[in-house]
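Enquirer: Here it is, the structure, as structure tokens.
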Amino acid sequence: MSLPFPASGRARTPIKLVVVALLFPIFLALALPGTYLAAFHHPTPTHMKVAIIDSSPAAAGVQQALENEAGDALDVSLVPDVAAAEDAVKDMTLRAAYDPSTGELFTASAGSLLATQAVTSIFTEVVERTGGEQVTSLTVRDLAPLPADDRAGISLFFVGLAGIIAGFVAPTVLGVAVPGLRRRTELAVIGGVAVVSGVIGTYTAYVAFGALTTNIVGAGLMISAGALVAGLVQSGGMRLIGPAMSIVGLTLFVILGIPASGAAVPIDMIPQFFQFLHNGLPTSGALEGLRRVVYFDGQGVMRDISILVLWALIGIGLHWLSTLKTPKPGVAVPVAALEPTPGETLAPPSVDDATSLTPQLKETASA
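Residue 1335 in our numbering sits at position 152 of the sequence shown, with consecutive numbering throughout.
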């Protein structure tokens, strides 16, 4: 009698499964360099918002000269006084504001060192040509300077991104390593990972390296919030569409999220497609919010918090949708549905099945 197994005793792996498994690394090999090079290979100001303080008759002339010189690189407006200009720079509404009566350029390098350097260079060229006899040089006043141990201003990018990736990876690994894990247990683990991410991130940045120095509690909360939101969205998606959510989540949080966050390269120095995404992606909300908390004392952070709240609700919605596709316990299954089709094998009988068959077995034995 022949056995329904290969002679080697080892089942063959279908080629189709191998091909599907390879799609993920191939996708990464294409998407990561393609997206990041498209965003970062040639950073240049694009509709960067600046203002001229209307403090002298020369203001309109400087504004016109800037518009002619920079074109689409700058969006130039007028503000009524120095106080309004400083407020706009401090909450990152403006990258810079220029006072033609004194030659002062108000900037905030903590918003982006690269953007500050770019806008300072443009203003320097224009002022030297249009300042006349009164103002021929530029005096830069940095209203939000970077700390001495974070001169590049990228420390928050690394600690914030670590939290997001931790939140994304946790449910992905749980879905593979512990299939069938109870929802409450999974959510508790995700919450724990979020808290641990905030603690580790703040300890590393503030204590171990001293790269960041202000608002440690707020920074920890923002890191944890980013991790929690990423975990909620990823876990809900995993329960709804399965392992395919790995590609969706990676695209959302990392491949598109990092360029659109403006944390690595300022958002107004990359293509406008990413500027559009900046207003809605969770990575943008987490990293931009972290920047505002650490460097700007939380000014304007409610916008970023609202983005995170929106994505948390989306994650909860995905969990709810996943419950709709889960069979209800105790639903009767027709006997015909248990009959095998050609080439199909049935699962071993349950204890209830064995109990129901016992009287029949006894009758057969006595006969």
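For glycine and all other residues, C-beta sits at the position ideal for the given N, C-alpha and C.
Since we're looking at a predicted model, the values are computed, not measured.
Round the Cβ separation of V1233 and A1267 to the nearest angstrom and send it over; I've been treating them as touching at under 8 Å.
Expert: That belief does not hold up - the Cβ atoms of V1233 and A1267 are roughly 14 Å apart, past 8 Å.
Enquirer: Note down, in chain order, each residue of its chain lying with its Cβ closer than 7 Å to the Cβ of L1215, except the 5 sequence neighbours on either side.
Expert: Cβ within range, chain order: I1438.
Enquirer: Just to check, is the beta-carbon of I1497 closer than 7 Å to a non-hydrogen atom of the ligand HEM?
Expert: Of ligands this structure carries none, so the ligand HEM is not represented either.
Enquirer: Hey, how far is the Cα of V1309 from the Cα of Q1417?
Expert: Rounded to whole angstroms, V1309 to Q1417 spans 49 Å at the Cα level.
Enquirer: Between the Cα of L1411 and the Cα atoms of T1387, I1424, V1379, S1429, which residue gives the shortest distance?
Expert: The residue with the shortest Cα to Cα distance from L1411 is V1379.
Enquirer: May I ask you to verify whether the region 1425-1442 touches the region 1381-1397, counting CB pairs closer than 8 Å and requiring at least 3?
Expert: No contact exists between the region 1425-1442 and the region 1381-1397.
Enquirer: Quick one: Cα of A1242 to Cα of I1305, how far?
Expert: The alpha-carbon atoms of A1242 and I1305 are separated by roughly 16 Å.
Enquirer: What are the start and end residues of each continuous beta strand (DSSP E) run of 3 or more residues lying completely inside the region 1234-1277, in chain order?
Expert: Whole beta strand (DSSP E) segments, 3+ residues: 1257-1262.
Enquirer: Ends of the beta strand (DSSP E) at A1279?
Expert: Start and end: 1279-1282.
Enquirer: Considering only DSSP beta bridges, list what L1288 is partnered with.
Expert: Paired residue(s): Y1281, V1323.
Enquirer: Taking the beta carbon of I1332 as the centre, do at least 16 other beta carbons fall within 10 Å, making it buried, or is it exposed?
Expert: Residue identity check: residue 1332 is Asp in the sequence provided, not Ile. By the 10 Å Cβ count, D1332 comes out exposed.
Enquirer: Between A1371 and T1285, what straight-line distance do the alpha-carbon atoms span, to the nearest angstrom?
Expert: So the alpha carbons of these two residues sit roughly 57 Å apart.
Enquirer: Apart from the five residues just before and just after L1261, which ones in its own chain have a Cβ nearer than 7 Å to its Cβ?
Expert: Answer for L1261: A1234, I1235, D1237, A1242, Q1246, listed in chain order.
Enquirer: Assign S1551 to one of two classes, buried (16 or more other C-beta atoms within 10 Å of its C-beta) or exposed (fewer than that).
Expert: Here the chain covers residues 1184 to 1550 and nothing more, so residue 1551 does not appear.
Enquirer: Please state the DSSP three-state secondary structure of K1199.
Expert: Residue state, collapsed to three classes: helix.
Enquirer: Hey, is the region 1472-1484 in contact with the region 1246-1255, meaning 3+ C-beta pairs nearer than 8 Å?
Expert: The region 1472-1484, when compared against the region 1246-1255, does not touch it at the 8 Å Cβ threshold.
Enquirer: Whose C-alpha, out of A1248, V1202, G1432, L1473, is nearest the C-alpha of L1501?
Expert: The candidate whose alpha carbon is nearest that of L1501 is G1432.
Enquirer: Please report the residue range of the alpha helix (DSSP H) in which H1461 lies.
Expert: Unbroken alpha helix (DSSP H) run through H1461: 1455-1461.
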